[in-house]
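There are 2 protein chains.
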Amino acid sequence: MSASRVQTLTPAGARSPEQRRLRGIPEATVSRLPVYLRALTVLTERGVRTVASEELAVLAGVGPAMLRKDLSLLGRHGTRGVGYDVGCLVTEISRALGVTQAYGVVIVGVGHLGQALASYAGFTGRGFAVRALVDCDRTRVGEVVAGLRVRHLDELEAVVAECGVTIGVLATPAAAAQEVCDRLVGAGVTGILNFAPVRLLAPELVELRTVDLSLELQVLAFYEQRKQSADGAEAVRS
Amino acid sequence: MSASRVQTLTPAGARSPEQRRLRGIPEATVSRLPVYLRALTVLTERGVRTVASEELAVLAGVGPAMLRKDLSLLGRHGTRGVGYDVGCLVTEISRALGVTQAYGVVIVGVGHLGQALASYAGFTGRGFAVRALVDCDRTRVGEVVAGLRVRHLDELEAVVAECGVTIGVLATPAAAAQEVCDRLVGAGVTGILNFAPVRLLAPELVELRTVDLSLELQVLAFYEQRKQSADGAEAVRS
DNA sequence: ACGACTTTGTGCAGTCGTTCACAAGCGCAT
DNA sequence: ATGCGCTTGTGAACGACTGCACAAAGTCGT
């Protein structure tokens with residue numbers, strides 16, 4: 105059994121209960137806040153100044169009661185009989201999420217995914233500043249992508265230090281992800297967003313989240329198959 | 105109030121309880137099955153033939169009890185005192201997910217994200233076949249990406265029909281997503297995976313899932329900020 | 001100024017998901 | 001053949017989340 109290898113590294117998602125619900129905001133609510141924020145941004149662009157929970161709930165795709173409960177966790181920011189002030193709410197949710205300050209972000213891996221992320225609106229705006237791009241392919245070093253000059257992986261630690269990077273985004277092949285992850289941690293990065301389809305290990309005090317692009321596709325396939333079975337049964341029944 | 109517009113379209117995620125847990129497999133379990141599958145693939149490559157729940161649980165990043173309960177929902181496939189047969193489990197989970205048959209996939213939008221998805225391992229393998237790429241930019245039509253010739257958006261319906269496409273992937277800008285979504289539905293696609301950061305409307309019998317790449321980043325920011333506050337408090341305390 | 005209407009905020013109950021703990025079952029050695 | 005140790009499968013407790021229904025509170029019209 106090699107599974108009993110001694111390590112102080114913890115797998116992602118294995119946080120203590122206290123950490124999972126810090127300051128009394130449940131994890132489920134936190135993952136909905138960005139959705140609300142996106143809906144509110146749309147409203148702001150339309151020039152809407154005030155919005156009722158029911159309307160915002162429709163835009164966000166949740167129930168009105170849940171929306172109100174979520175927002176009440178951030179404090180009292182609605183006006184009874186009127187609704188919520190859009191601008192105020194944006195400020196409040198942004199503060200709760202911690203996206204008021206601009207986090208310095210480095211993207212490692214300048215393949216298609218890395219480039220997509222570098223020019224992604226949700227990354228450049230909303231309190232995030234992509235400050236550096238890094239790749240291990242020397243033929244790509246020096247190339248300018250999304251206004252940033254690509255630098256070599258060797259310089260990773262220097263780049264993190266000089267650009268004030270707090271968050272690292274992994275858009276590398278799966279095989280390289282763990283090594284880059286370790287180096288990011290060593291360089292002092294405290295948050296890592298991993299797009300490589302592997303399970304990474306990082307110290308407990310580094311927040312690590314993994315997004316598997318094919319995961320949702322497989323979930324989709326499940327419901328597709330379900331539908332086919334259901335349709336088949338329905339056809340037989342009728 | 106323009107929110108009361110009459111429509112048979114339902115927002116994503118607003119499914120009836122019966123549909124959400126068809127055949128008795130809870131949604132939460134379904135979203136973990138791909139994770140198990142990925143871990144099992146790694147084991148297969150290593151030549152491991154049999155695995156205990158505890159070991160697999162570590163690889164998948166979940167508790168052993170939850171893993172066993174999830175797997176028991178697919179039927180009895182373990183051997184007491186020994187563990188699970190890796191090959192058998194792969195087959196069984198693949199069948200449950202419906203990724204045994206190869207779904208035809210069309211990717212709409214051949215920007216960086218679209219190209220990344222086209223060459224993504226999790227998309228081309230695992231029961232999915234990217235059969236067509238479509239873009240509205242005529243200068244890109246004819247270009248060959250990931251072994252496929254890019255075709256124009258005008259041909260979307262024809263492409264869906266002739267390539268036997270069942271699933272559509274949206275990698276377009278947010279502004280174009282709803283229109284393309286409607287056309288995909290019109291062309292007979294029954295599942296849509298949306299990467300554009302907008303809330304889409306689709307008929308109830310079309311499975312629609314949205315992945316917002318910046319969502320996880322914002323959640324990450326939340327825990328980062330939390331950590332900073334905690335560190336601050338800790339510094340004061342000591 | 002006051003009443004009626006609207007909308008928030010929230011206690012509560014129901015549901016869903018996760019974890020614990022243990023009995024049942026299987027293989028292997030003797 | 002039989003007993004021992006290991007692992008699965010699962011009933012039950014626990015905890016978290018969601019939705020309902022209503023009281024509190026504020027605004028707008030008269």
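Those protein sequence lines, which keep their order, are chains W and V.
Count along the first sequence starting at 1, add 104, and that's the number in my numbering.
Count along the second sequence starting at 1, add 104, and that's the number in my numbering.
From the three backbone atoms N, C-alpha and C, an ideal C-beta is built for every residue, glycine too.
Since residue i meets chain W, which of its residues come closer than 9 Å, beta carbon to beta carbon?
| i | result |
| --- | --- |
| aspartate 316/V | Pro138, Val139, Arg142 and Gly226 |
| glycine 231/V | Gln322 and Ala325 |
Quick check: does the Cβ of residue i come within less than 7 Å of any heavy atom belonging to the ligand ADP?
| i | result |
| --- | --- |
| alanine 306/V | With respect to the ligand ADP, the structure offers nothing, as it holds no ligand at all. |
What in chain W is Cβ-close to residue i, meaning under 7 Å?
| i | result |
| --- | --- |
| glutamate 266/V | Simply none; closest approach about 20 Å. |
| glutamine 219/V | His216 |
| valine 203/V | Gln322 and Ala325 |
Can you say whether residue i is buried or exposed, counting buried as having 16 or more other CB atoms within 10 angstroms of its CB?
| i | result |
| --- | --- |
| glutamate 328/V | buried |
| threonine 294/W | buried |
| valine 234/V | buried |
| glycine 331/W | In the sequence as displayed, the identity of residue 331/W is lysine instead of glycine. Label assigned to lysine 331/W: buried. |
| proline 130/W | exposed |
| glycine 251/V | exposed |
| leucine 309/W | exposed |
| aspartate 241/W | exposed |
| serine 176/W | exposed |
| glycine 218/V | buried |
| arginine 124/V | Confidence at arginine 124/V is low in this model, with a pLDDT of 44, below 50, so its placement is unreliable and the value that follows should be read with caution. Flag for arginine 124/V reads exposed. |
| serine 333/V | exposed |
| alanine 220/V | buried |
| threonine 243/V | exposed |
| valine 315/V | buried |
| alanine 325/W | buried |
| valine 302/V | buried |
| valine 284/V | buried |
| valine 273/W | buried |
Of the residues the options, which one's Cα is nearest the Cα of residue i?
| i | options | result |
| --- | --- | --- |
| valine 345/V | Asp239/V, Pro130/V and Phe232/V | Chain V is shown from 105 up to 342; residue 345/V falls before or after that span and cannot be answered. |
| isoleucine 271/W | Gln282/W, Gly251/W and Phe227/W | Phe227/W |
| arginine 230/V | Thr314/V, Thr204/V, Arg180/V and Gly151/V | Thr204/V |
| leucine 163/W | Leu304/V, Val209/V and Val162/V | Leu304/V |
| valine 155/W | Pro301/W, Tyr224/W, Ala222/W and Gly185/W | Gly185/W |
| valine 190/W | Leu160/W, Ala233/W, Arg199/W and Gly268/W | Leu160/W |
| arginine 142/W | Leu178/W, Lys173/W and Thr195/W | Thr195/W |
| leucine 312/V | Gln282/V, Phe326/V, Gly268/V and Ser333/V | Gln282/V |
| arginine 153/V | Gly187/V, Pro168/V, Cys285/V and Met170/V | Gly187/V |
| glycine 128/V | Ala200/V, Glu261/V and Ala225/V | Ala200/V |
| glutamate 266/V | Ala132/V, Gly167/V, Met170/V and Ala291/V | Ala291/V |
| leucine 178/V | Thr148/V, Ile197/V and Pro307/V | Ile197/V |
| valine 289/V | Ala220/V, Asp174/V, Ala306/V and Ala262/V | Ala306/V |
| alanine 275/W | Arg172/W, Leu297/W, Asp286/W and Val264/W | Leu297/W |
| glycine 202/W | Gly151/W, Met170/W, Val245/W and Val134/W | Val134/W |
| glutamate 261/W | Gly182/W, Glu158/W and Asp286/W | Asp286/W |
| alanine 225/W | Phe326/W, Gly167/W, Val315/W and Thr145/W | Thr145/W |
| proline 277/V | Phe299/V, Ala325/V and Ala222/V | Phe299/V |
| serine 157/V | Gly167/V, Arg150/V, Glu149/V and Val273/V | Gly167/V |
| methionine 170/W | Val264/W, Val245/W and Ala132/W | Ala132/W |
| leucine 147/V | Ala279/V, Glu247/V, His216/V and Leu193/V | Leu193/V |
| tyrosine 207/W | Val284/W, Val269/W, Val273/W and Val248/W | Val269/W |
| alanine 236/V | Val263/V, Glu149/V and Ala279/V | Val263/V |
Please list, in chain order, the chain V residues whose beta carbon lies closer than 8 Å to that of residue i.
| i | result |
| --- | --- |
| proline 379/W | Here chain W comprises residues numbered 105 to 342, so residue 379/W is not present and cannot be evaluated. |
| tyrosine 207/W | Ala325 and Glu328 |
Quick one: which chain V residues come within Cβ less than 7 Å of residue i?
| i | result |
| --- | --- |
| valine 134/W | Val323 and Phe326 |
Can you pull the chain W neighbours of residue i, defined as C-beta to C-beta under 8 Å?
| i | result |
| --- | --- |
| threonine 270/V | Glu328 |
Can you find at least 3 beta carbon pairs, one from the stretch 133–141 of chain W and one from the stretch 310–322 of chain V, that sit closer than 8 Å? Cβ pair count under 8 Å is three or more, so yes.
Positions along the stretch 167–180 of chain V whose CB lies within less than 8 Å of some CB in chain W: If the cut-off is 8 Å between Cβ atoms, the stretch 167–180 of chain V has nothing near chain W.
Chain-ordered residues of the stretch 306–330 of chain W with a beta carbon less than 8 Å from chain V: Those residues of the stretch 306–330 of chain W that come within reach of chain V (Cβ to Cβ, closer than 8 Å) are Leu309, Glu311, Arg313, Val315, Asp316, Leu317, Ser318, Leu319, Glu320, Leu321, Gln322, Val323, Leu324, Ala325, Phe326, Tyr327, Glu328, Gln329 and Arg330.
Indicate whether the contact test is met: 3 or more Cβ pairs, each with one atom in the stretch 210–219 of chain W and one in the stretch 247–261 of chain W, closer than 8 Å. Output reads yes: the stretch 247–261 of chain W touches the stretch 210–219 of chain W.
Just by C-beta distance, which residues in the stretch 275–300 of chain V are closer than 7 Å to chain W? Residues of the stretch 275–300 of chain V with a C-beta atom less than 7 Å from some C-beta of chain W are Thr294, Gly295 and Leu297, listed in chain order.
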